[in-house]
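Peer 1:
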DNA sequence: TCGGCAGAAATCGTATGCAATCTTTTCCAA
DNA sequence: TTGGAAAAGATTGCATACGATTTCTGCCGA
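Protein chains in written order, with full-length UniProt numbering: chain H, 1 to 237; chain P, 1 to 237.
#1: Residue 70 of chain H bridges to which residues according to DSSP?
#2: Which residues bound the alpha helix (DSSP H) around residue 135 of chain P?
#3: Establish whether the CB of residue 205 of chain P and some CB of chain H are separated by less than 9 Å.
#4: Applying the 10 Å Cβ sphere with the 16-neighbour rule, what's the burial state of residue 224 of chain P?
#5: Quick check on the burial criterion: 16 or more other C-beta atoms within 10 angstroms. Buried or exposed for residue 189 of chain P?
#6: Would you tell me roughly how many angstroms separate the C-alpha atoms of residue 202 of chain P and residue 103 of chain P, rounded to the nearest one?
#7: Quick one: does residue 59 of chain P have its CB under 9 Å from some CB of chain H?
#8: Flag residue 233 of chain H as yes if its beta-carbon sits less than 9 Å from any beta-carbon of chain P, otherwise no.
#9: Which chain H residues sit within Cβ distance under 9 Å of residue 93 of chain P?
#10: With 8 Å as the C-beta to C-beta threshold (strictly closer), list the residues of the region 66-86 of chain H near chain P in chain order.
#11: Tell whether a beta-carbon distance below 9 Å holds between residue 3 of chain P and residue 99 of chain P.
#12: Could you tell me if residue 133 of chain P is buried or exposed, where buried requires 16 or more neighbouring beta carbons within 10 angstroms of its beta carbon?
#13: Below 8 Å, can you find three or more Cβ-Cβ pairs linking the region 78-91 of chain H to the region 32-43 of chain H?
#14: Ignore the nearest five residues each way along the sequence and tell me which others in residue 237 of chain H's own chain have a CB closer than 6 Å to its CB.
#15: So, do the region 154-164 of chain P and the region 145-154 of chain H have three or more beta carbon pairs nearer to each other than 8 Å?
#16: If you run the structure through DSSP and keep just helix, strand and coil, what is residue 17 of chain P?
#17: Does residue 97 of chain H get closer than 9 Å to chain P when you measure Cβ to Cβ?
#18: Is residue 135 of chain H a contact residue of the ligand HEM, with contact defined as CB to any heavy atom under 8 Å?
#19: Give the interface partners of residue 17 of chain P over in chain H, defined as CB-CB distance under 9 Å, in chain order.
#20: Using 9 Å as the limit for Cβ to Cβ distance, is residue 34 of chain H near chain P?
#21: Skipping 5 residues on each side, what residues in its chain have a beta carbon closer than 6 Å to that of residue 46 of chain H?
#22: Cα separation between residue 231 of chain P and residue 23 of chain H?
#23: Check whether the region 66-75 of chain H and the region 169-183 of chain H touch, using three or more Cβ-Cβ pairs below 8 Å as the test.
#24: When you compare only the Cα positions, how much space is there between residue 95 of chain P and residue 219 of chain P?
#25: Indicate whether at least one CB of chain P lies closer than 9 Å to the CB of residue 177 of chain H.
#26: Measuring alpha carbon to alpha carbon, tell me which residue in P/221, P/127, P/61 and P/105 is nearest residue 44 of chain P.
#27: Residue 19 of chain P and residue 63 of chain P: beta carbons closer than 9 Å?
#28: By DSSP, does residue 108 of chain P sit in helix, in strand, or in coil?
#29: Would the beta-carbon of residue 97 of chain H fall within 9 Å of that of residue 145 of chain P?
#30: Classify residue 41 of chain P as helix, strand or coil using the three-state DSSP reduction.
Here it is as structure tokens:
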């Protein structure tokens, strides 16, 4: 999987920050697994693809590097991150710490509009599960992450929201690398249960369900080190 | 307070990343309050001060902007962040969520070397409290933050560690803006109590103490909006 | 055939130039 | 004096150029 094989919508050269737009495109591609972990993202290529100079492409890659989605090596370039099992565990440890609290905060702030937004989101999620094929699978992983992001938005703390954006994006990478099965339908059920608790204003229950939900996601991963770490490093694409 | 009044150690033009070195210098200056909130950080000036091109200075400022220490406005430039009371509350809400968990994780991983490091840190903290003068006050705030950063390092989760680095840095800004008194000596006592609990392996107690500690720090702030938000915005340096 | 070395090609790090945008100053009329 | 418009100045956004570093390639000797 090479970045040159991807097609990206043109960046509207309007007043918006173009580097940010490119970052968003690339992030989507990484989270959707259209760009595999380890793929090289050279400044020149990214620039050509989006029709901007290396300066702008570089800025976009720097942003992704801050988010942990891209790893940059001096004088070598940027690569889609290839999280280690240990990193994967830390991602989920972080989520276990943060998301139950976010659920509690969100429970106290849910508006009818929020409930409606969640229902729309969950419907879409359900549709992707029903469909078959790799495209649907990708959309499904994305939608599953969107549930958590929506929750973070409702919680109303922009700092935590940004942390969650990073954690959800990194989780997608981790699931891509270490995911075992299609536990997703189970996750969908759990999302619905969490929404019920939120709608009922039952913060405690929402929080507990969230904790279990994260445990379930992580339990579906196979985080055993497959071979000696030296070999793994050497093979790192 | 203008950035041009500051003196910075020269960046060693060696193999290290120069933008990163500049970011660290600027972050220290912001956290130490040598650069006041609202101070303009123009690319050209930063570049001249550190003897690098605007390209490198720009990269450093972009990093600080990601950390929330610097706010950038398109076509206008970068300014030391000026967090609103609401933002301040969110910083502390985030810390209340994360730090008790970090304390628990750290309690299970403390080595004798860690304990020694904490003791050294707390001694230094104590020294700054004893001293008088604005310089000592700055060092004291910095040292107080270092306690929390050390704890995050011991906890062993690099993701959470990075989150904490951001939160501690932003807290320094918030304290600079909204801090009322020298509650710091009280904070120092609390740090010592937390260390005792950690040393005893009492994770629950360490966690509870941490939560109270954060509450105390926030309680020392005066987060009332001083004037109409419109006026405040207008006066924003 | 294989390892390794030299040159070529690719890629990155950084400085600099130019256009676009914003800010400040100047100046004139009310 | 005050308001406002226009010019001058400063600063950013972006592209491009060039040296430095790394990677690739082809060739040679063992």
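Built from N, CA and C at the ideal position, the CB exists for glycine as well.
Peer 2: Put simply:
#1: Taking the first chain and counting its residues from 1, one reaches residue 70 of chain H at position 70. Answer is H/80.
#2: Counting from 1 along the second chain, the entry for residue 135 of chain P is found at position 135. 134-155 is the extent of the alpha helix (DSSP H) around residue 135 of chain P.
#3: Here the question's residue 205 of chain P lines up with position 205 in the second chain. Not one chain H Cβ lies under 9 Å of residue 205 of chain P.
#4: For the purposes of this step, residue 224 of chain P is taken as residue 224 along the second chain, with counting starting at 1. By the 10 Å Cβ count, residue 224 of chain P comes out exposed.
#5: Counting from one through the second chain, the residue named residue 189 of chain P turns up at place 189. Counting Cβ neighbours within 10 Å, residue 189 of chain P comes out exposed, since fewer than 16 surround it.
#6: For the purposes of this step, residue 202 of chain P is taken as the residue at position 202 of the second chain. For the purposes of this step, residue 103 of chain P is taken as the residue at position 103 of the second chain. The straight-line gap from Cα to Cα measures roughly 10 Å.
#7: On the second chain, position 59 is the one that residue 59 of chain P refers to. Answer yes: the Cβ-Cβ gap between residue 59 of chain P and chain H drops below 9 Å somewhere.
#8: Along the first chain, read from residue 1 onward, the residue named residue 233 of chain H stands at position 233. For residue 233 of chain H, the predicted structure reports a pLDDT of 49, less than 50, and the residue's modelled location is therefore unreliable. The matter cannot be settled from this model.
#9: Taking the second chain and counting its residues from 1, one reaches residue 93 of chain P at position 93. Those within 9 Å of residue 93 of chain P in chain H are 101, 105, 157, 159 and 160.
#10: 66, 68 and 74
#11: Walking along the second chain from the start, residue 3 of chain P turns up at place 3. Walking along the second chain from the start, residue 99 of chain P turns up at place 99. No, these two residues do not count as a Cβ contact at 9 Å.
#12: Here residue 133 of chain P corresponds to residue number 133 of the second chain, with the count starting at 1. So residue 133 of chain P ends up on the exposed side.
#13: yes
#14: As a position in the first chain, residue 237 of chain H is number 237, starting the count at 1. With a pLDDT of only 41 at residue 237 of chain H, under 50, the local geometry of the prediction cannot be trusted, and the value read off the model is given with reservation. Around residue 237 of chain H: 38.
#15: Contact between the region 154-164 of chain P and the region 145-154 of chain H is absent: fewer than three C-beta pairs spanning the two stretches fall below 8 Å.
#16: Walking along the second chain from the start, residue 17 of chain P turns up at place 17. Residue 17 of chain P: coil per DSSP, three-state reduction.
#17: Counted from its first residue, the first chain places residue 97 of chain H at position 97. Yes, contact with chain P.
#18: Ligands are entirely absent from the displayed structure, and the ligand HEM is therefore not among its contents.
#19: For the purposes of this step, residue 17 of chain P is taken as the residue at position 17 of the second chain. What residue 17 of chain P touches in chain H, judged by beta-carbon distance under 9 Å, is 74, going in chain order.
#20: Numbered from its first residue, the first chain carries residue 34 of chain H at position 34. Cβ-Cβ to chain P under 9 Å: no for residue 34 of chain H.
#21: By one-based count along the first chain, residue 46 of chain H stands at place 46. The residues are 57.
#22: Sequence index remark: in the second chain, residue 231 of chain P carries index 231 (1-based). Sequence index remark: in the first chain, residue 23 of chain H carries index 23 (1-based). Low confidence applies here, because residue 231 of chain P scores a pLDDT of 47, under 50, leaving its location unreliable; read the following figure in that light. Roughly 35 Å separates the two Cα atoms.
#23: Counting Cβ pairs under 8 Å, three or more are found: they touch.
#24: Numbered from its first residue, the second chain carries residue 95 of chain P at position 95. Numbered from its first residue, the second chain carries residue 219 of chain P at position 219. Their backbone Cα atoms lie some 14 Å apart in a straight line.
#25: Position 177 of the first chain, counting from 1, holds the residue named residue 177 of chain H. No, no contact with chain P.
#26: As a first step, residue 44 of chain P must be located in the second chain, where it is residue number 44. The residue from P/221, P/127, P/61 and P/105 with its alpha-carbon nearest to that of residue 44 of chain P is P/61.
#27: For the purposes of this step, residue 19 of chain P is taken as residue 19 along the second chain, with counting starting at 1. For the purposes of this step, residue 63 of chain P is taken as residue 63 along the second chain, with counting starting at 1. The answer is yes: Cβ separation under 9 Å.
#28: Taking the first residue of the second chain as 1, we reach residue 108 of chain P at position 108. DSSP places residue 108 of chain P in coil when its eight states are reduced to three.
#29: As a working note, residue 97 of chain H is residue 97 in the first chain. As a working note, residue 145 of chain P is residue 145 in the second chain. Contact: no.
#30: Reading the second chain from its first residue, position 41 is the one you call residue 41 of chain P. If DSSP states are grouped into helix, strand and coil, residue 41 of chain P belongs with the strands.
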